[in-house]
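See structure below.
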Amino acid sequence: MLHEFEGNKPKIGKASWIADSADVIGDCRIGEDCSIWFGCVVRGDINFIQIGRGSNVQDGTVVHVDTDLPVEIGENVTIGHKATIHGCKIGDGCLIGMSATILDGAEIGAGSIVAAGAVVTPHKKFPPRSMLMGIPAKVVKKLDEKETAELIEHAKNYAKLKDRYLK
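Okay, so the sequence shown: first residue is 848 according to our numbering, each after it adds one.
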């Protein structure tokens, strides 16, 4: 469901889909061909949330901002089930694993993976093509071109699944 907050209405791009049980609130700018799945809360009440084209936010995820920290999610990003995304930046083509947490001011470089259950602590910045694991998250390897291409394919597969819900 879309909710206006203090005059800010979510903006939803063409061919995007939001599950009936998801809540998108306030200044949320969702690009084309995106999907927001069941039970998600995307709350742009005190700052904005930008989600790039072709990205998917999977079931039970919470995306929220802070007063001085918006959320900026790039294109073709996959955010796994029950992740927590708070006041951070995620580059194009990333995969954020199930139940991962990314905290205020953190930046994840393009083509990176944040492993399931990992916690990216506040203000940490990671370069492109990083494989991040652990609590606190640390780089365990650099991803190669084949691995980063697979991340884009994963996002495209979710876009195809989303299209089935749009019918």
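Where a beta carbon is used, it is the ideal one built from N, C-alpha and C, also for glycine.
Three-state secondary structure assigned by DSSP to Ile999: If DSSP states are grouped into helix, strand and coil, Ile999 belongs with the helices.
Through-space distance from Glu1000 to Glu994, alpha-carbon basis: Rounded to the nearest angstrom, the two C-alpha atoms are 10 Å apart.
Cβ-Cβ distance between Ala947 and Ala965 below 8 Å: Here Ala947 is near Ala965, since their CB atoms are less than 8 Å apart.
Beta strand (DSSP E) segments (min. 3 residues) lying fully within the stretch 856-934: Secondary structure remark: continuous beta strand (DSSP E) runs of at least 3 residues inside the stretch 856-934, in chain order: 870-877, 888-898, 909-911, 918-920 and 931-933.
Cβ neighbour criterion (16 or more within 10 Å) applied to Tyr1005: Tyr1005 should be labelled buried.
C-beta contact flag for Gly891 and Ala869 at 8 Å: At a Cβ-Cβ threshold of 8 Å, Gly891 and Ala869 do not count as neighbours.
Which of helix, strand or coil DSSP assigns to Leu979: The three-state reading of DSSP puts Leu979 in strand, counting E and B together.
Distance between Asn903 and Val918 (C-alpha atoms, nearest Å): Rounded to whole angstroms, the separation of the alpha carbons of Asn903 and Val918 is 14 Å.
Proximal residues to Lys972 (C-beta, below 6 Å), its chain only, five neighbours per side dropped: Contacts found: Glu954.
Per-residue burial, Ile865 [other beta carbons within 10 Å of its own, 16 or more giving buried]: Under a 10 Å Cβ-count criterion, Ile865 is classified as buried, with 16 or more other Cβ atoms of the shown protein chains found around its own Cβ.
Helix, strand or coil at Glu992 according to DSSP, with G and I counted as helix: Taken through DSSP and simplified to helix, strand or coil, Glu992 comes out as helix.
Three-way DSSP call (helix, strand, coil) for Lys971 in this model: DSSP places Lys971 outside both helix and strand once states are collapsed to three, so it counts as coil.
6 Å CB neighbourhood of Arg876 in its chain, flanking five on each side removed: Excluding residues within five positions, the ones whose Cβ falls inside 6 Å are Lys858 and Gln897.
Exposure of Ala996, with buried meaning 16 or more beta-carbon neighbours within 10 Å: Per the 10 Å Cβ criterion, exposed.
Same chain, Cβ closer than 6 Å to Ala1002, neighbours up to 5 away in sequence not counted: Taking Ala1002 as the centre and dropping the five residues before and after it, the same chain places the C-beta of Gly901, Asn923 and Thr925 closer than 6 Å to its C-beta, in chain order.
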